[in-house]
Each structure stands twice: as structure tokens, then as C-alpha cells.
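Notes to accompany the following structure.
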Amino acid sequence: MMNYQNYFCVAASAMAAAYGFAGLMPAAEAGIAVQGEQATAEYWTARQPEGEKVLLSAEDIQKLNDSLRARNDTLRDLVDFPATLTGQQVKNRIFAAMQDYWPGEKPEDYAGNHILTPAEWEYVRQNCNIDSLSEKVEVQYGVTTQRGDIRLLPTSDGWYSAPNDIHYDNLQGTAIDPAQSVAVLAVSRDGNFYFVQSKDYQGWLAAANVALTDYKTWLNFVEPKDFVVVISNKKKIAGSGGAEELYQMGATIPCIKDSNGRLALQLPSRNAAGRLEIATSPVQLDNTLHKGYLPYSYNNTIRQAFRFLGDVYGWGGQDESVDCSSFVQNVYRSMGIHIPRDADQQEAAMPVNRPFAGLSTTERYNEVKQAKPGTLCFKPGHVMMAIGQNDAGVPMVIHSASSYYDYKVDAQKHYIRQVIVSDLTYQNSQGTQTIDGISSIGSIK
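Under mature numbering (1 follows the signal peptide of the UniProt record, and there is no 0), read the sequence shown as residues -27 to -1, 1 to 418, first letter to last.
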């Protein structure tokens, strides 16, 4: 199996395996997390003399997003998505989405408390239904009706690197919010999953989470004329049936003016035939919902990042939360800036990138000290967001962290599993400080 840390933050599933039994992993702690005033947005926004200055106009952001898509093929402009694909093109996408599970010897993963059996492996592989693809595939148009998981393979069962693990599912690609457009390219053999392309990911999504519709209606969710953006870390919104659906920061929901002139959300649901129905629901804007995107400024970047502080680390969007790369992605998308989903792709896509290879520790610190708030600091398998220097001149970062080592104390692995503020001295399994492990820093301007 390839090292999964290229896809999210740290190879936490491997960490579980190191203990041989995930249930024996130490409880999460916050040993490297800074407390007190440095763990507040206000401490950091007060250090920005031009923190409220709008850095990019809406037109500039559109150009930036076009540039990011041109630099990285995981980002898709669904408006221009083709109406048909060849069967081979869809097959290639399905294979690519498998990541380490293609072409395919049975992995040494655990399903619950037992090693994955050949029968379990073969069932899921066959469920990809590749042999049923026709030479020409007509794209179907779907809208998500609830938060769902985009999976590497068409199964909701978790596969893990250690028995009885629950935190680090190797099949978890990412989570997707309700009210998002997806192109539906294939159906699993059991009919329970669609193979979809979203704006930033492809993989298998439970069909029950998707309502099919016509192209014109679908476009209103791809690129709504008017929309509301979730600006809190997460927000539950009741749909027409009364059930609350979870949205994360940066999720967009189309809106209209109702017959009384009030702002109303257009909330999607799935009828018994699997088709899209839209209910209008009046909404009050507050500190969780914003009409359109927030302006892009240093202080908005800081404030949005701190809305996640203390949230649980959620591998691939598990536990209704964020890992390192979805954390920074959600902060930026709340301001209309769409960066890739995974940390390695984010690093490759940054318009401004400063490689750290060959730099001394002092030179590395000097570079990070000059970084503007929102600059992303990359190391293998992890991404952090720079927020500035504290009173002592120490550069600090905010990030969704899984674990760290401390060779100064006990040379043991410590689990954090939450969004924290820290410095760059915490260590990896080789005892290397984070500052010395940074591969590059990147920014969008």
C-alpha cells in the first residue's frame, strides 16, 4: 500500500498499526497546543495593521480560481463538464479513484477486528461494475441532499490499518456537503453507490445522498446566481421534512426572494424515485450564514480559521469534522477561493511557492516569520496555516493535527486529534522538528 499521508495529514492509520490494536491507542491530548490569549483570533487580528483590507476583488478571485484549476486537474469547472464520456474514460477515473487499491492484490487491511478476507475484497472490486460500462456514457446530473462520504471504493464498510480502529478509514476520500452538484458517471453493481465527480474530488458516493435532476436545474447548484455561504465551522439546517442536515464552512446554498420579499434558501431533497425536489425555507443571516462569500482579507482568514479551534480531527471528513487539508480548504472557500482538497495537491497548486530544500533552521524561521496570515506551511503528509509571530517573535500556526512525537521527554507518540495553535518545534517519528521538516510554504498571492 502506498503511504496514505500524501492524501490527508499524517499517516495516522499507520500509527494505529504501530500499537497493533487501535483500541489501545492513548487518548487524545493537547500537549503542544498553545492556550490563553494566543488561542484567540483577536490576539492575531490585532497584529495586522491592514488586516481588514480586501486583498482580491471578486473578479481577481475568479481569475485566481481559473488559474488554480489550470494548475491542478483535481479541480473541475463543472459548468464545462462534458455531457458524454467514453467507457474507457470512466474506467480510468474509477481506477484513479482507487488510489492505492488499484490494480489490485488484496490489501492487508482490517475490516473491524479481522483481516480483510479475499471474498470481501473481491465483492467490493466487483461492485465497481466496470464490465457494465458502455462504450459511450451519458453523464447524469445530481445534487447532494445530505452530507455524505466520497469513498475510494463502493462500500460503506471501513478498512483500517489496525483492528478495531475507528478514526482512520483508509477508504475515506472526503466528505461532501448538501446542496452540491455532482456529475454522475457510473452506478455500482448493487445500485447503492454512484461514481461521481464533484468540484474537487471523484469517487463513490451513496446513491441515497444524491437526487438526480435535469441539466438546467443542476447548473443552478453548480453556479447559483444568488447564494448563501456557511461561515461557521459547521451549521445544521432543517430541510422540508424537518430533519437537520449538516453543512461545513464554505458550503454554498442557492437562495431566492420569496413571495414576501424575504431571503429564502433553496434546499434539495430526494423523492422516492430518486429525483430532486426543492423546498424554499426563509432564512435569517447571522454569524453562521453570509449572503455570498466573505471578502478575502488577512483578518477574515484568521477569524475563519479560529472558528475551528478545538474541533476534533476528522480524517477525510469523518466525525463531522476536518483533517489538516480540508481545514485550510474550508477557510479559503468561505472567501470564494477554491484550492484542492488534499495537502500534496494544495502544495503543487500554490501560485506562490517557496521551497525549503537546502535551508538551515535559521533561514527556515526567517522565511516563516515573513509569511502573511493564511500562508500554508507544508511538510510530508501535513499542512498548517501561518497566523503570525507572537510577542516573543515566535512564528505560530493553526492546524488540524493528529499526533506528534516528543523526543525531549519520552520519545513516544502523542495523539492530539484536534484543531490547535502551536509553534513549529514539535517532532515527527524521527525526532525532526517541524520547522526542519517543512518542504515549502505557499500562498495564493
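Glycine is no exception: its CB is placed at the ideal position from the N, C-alpha and C atoms.
Taking the alpha-carbon positions, what's the residue i to residue j distance?
{"i": "residue 151", "j": "residue 381", "result": "45 angstroms"}
{"i": "residue 107", "j": "residue 60", "result": "5 angstroms"}
{"i": "residue 401", "j": "residue 138", "result": "22 angstroms"}
{"i": "residue -23", "j": "residue 165", "result": "Confidence is the limiting factor: at residue -23 the pLDDT is only 36, short of 50, which leaves the residue's position unreliable and the question unanswerable from this model."}
{"i": "residue 25", "j": "residue 320", "result": "26 angstroms"}
{"i": "residue 156", "j": "residue 11", "result": "43 angstroms"}
{"i": "residue 239", "j": "residue 356", "result": "34 angstroms"}
{"i": "residue 162", "j": "residue 142", "result": "22 angstroms"}
{"i": "residue 399", "j": "residue 341", "result": "16 angstroms"}
{"i": "residue 132", "j": "residue 27", "result": "44 angstroms"}
{"i": "residue 404", "j": "residue 58", "result": "49 angstroms"}
{"i": "residue 258", "j": "residue 365", "result": "39 angstroms"}
{"i": "residue 305", "j": "residue 9", "result": "26 angstroms"}
{"i": "residue 114", "j": "residue 100", "result": "21 angstroms"}
{"i": "residue 74", "j": "residue 80", "result": "7 angstroms"}
{"i": "residue 214", "j": "residue 94", "result": "38 angstroms"}
{"i": "residue 29", "j": "residue 127", "result": "40 angstroms"}
{"i": "residue -12", "j": "residue 140", "result": "With a pLDDT of 41 at residue -12, under the threshold of 50, the modelled position of this residue cannot be trusted; read the value that follows with caution. Their backbone Cα atoms lie some 9 angstroms apart in a straight line."}
{"i": "residue 337", "j": "residue 326", "result": "14 angstroms"}
{"i": "residue 328", "j": "residue 38", "result": "22 angstroms"}
Just to confirm, is the Cβ distance from residue i to residue j under 8 angstroms?
{"i": "residue 346", "j": "residue 407", "result": "no"}
{"i": "residue 372", "j": "residue 297", "result": "yes"}
{"i": "residue 204", "j": "residue 263", "result": "yes"}
{"i": "residue 175", "j": "residue 70", "result": "yes"}
{"i": "residue 159", "j": "residue 122", "result": "no"}
{"i": "residue 302", "j": "residue 47", "result": "no"}
{"i": "residue 125", "j": "residue 170", "result": "no"}
{"i": "residue 136", "j": "residue 86", "result": "yes"}
{"i": "residue 96", "j": "residue 89", "result": "no"}
{"i": "residue 332", "j": "residue 370", "result": "no"}
{"i": "residue 393", "j": "residue 374", "result": "yes"}
{"i": "residue 289", "j": "residue 352", "result": "no"}
{"i": "residue 209", "j": "residue 219", "result": "yes"}
{"i": "residue 241", "j": "residue 200", "result": "no"}
{"i": "residue 307", "j": "residue 202", "result": "yes"}
{"i": "residue 49", "j": "residue 172", "result": "yes"}
{"i": "residue 34", "j": "residue 415", "result": "no"}
{"i": "residue 154", "j": "residue 191", "result": "yes"}
{"i": "residue 276", "j": "residue 118", "result": "no"}
{"i": "residue 129", "j": "residue 92", "result": "no"}
Tell me, which residues are paired with residue i by DSSP?
{"i": "residue 189", "result": "Answer is none; residue 189 lacks a bridge partner."}
{"i": "residue 166", "result": "179"}
{"i": "residue 362", "result": "368"}
{"i": "residue 357", "result": "350"}
{"i": "residue 200", "result": "227"}
{"i": "residue 87", "result": "84"}
{"i": "residue 326", "result": "415"}
{"i": "residue 27", "result": "Answer is none; residue 27 lacks a bridge partner."}
{"i": "residue 59", "result": "109"}
With distances taken from CA atoms, which of the options is nearest residue i?
{"i": "residue 367", "options": "99, 123, 335, 80", "result": "335"}
{"i": "residue 384", "options": "144, 117, 376", "result": "376"}
{"i": "residue 51", "options": "302, 352, 196", "result": "196"}
{"i": "residue 390", "options": "294, 269, 363, 160", "result": "294"}
{"i": "residue 413", "options": "30, 46, 322", "result": "322"}
{"i": "residue 184", "options": "116, 261, 217, 201", "result": "116"}
{"i": "residue 181", "options": "188, 193, 167", "result": "167"}
{"i": "residue 278", "options": "129, 74, 127, 222", "result": "222"}
{"i": "residue 42", "options": "362, 349, 314", "result": "314"}
{"i": "residue 207", "options": "198, 45, 224", "result": "224"}
- Task: Determine, using beta-carbon pairs with one atom in the segment 237 to 257 and one in the segment 4 to 24, whether at least three such pairs fall under 8 angstroms.
- Result: no
- Touch check for the segment 62 to 82 and the segment 110 to 127: three-plus C-beta pairs under 8 angstroms? yes
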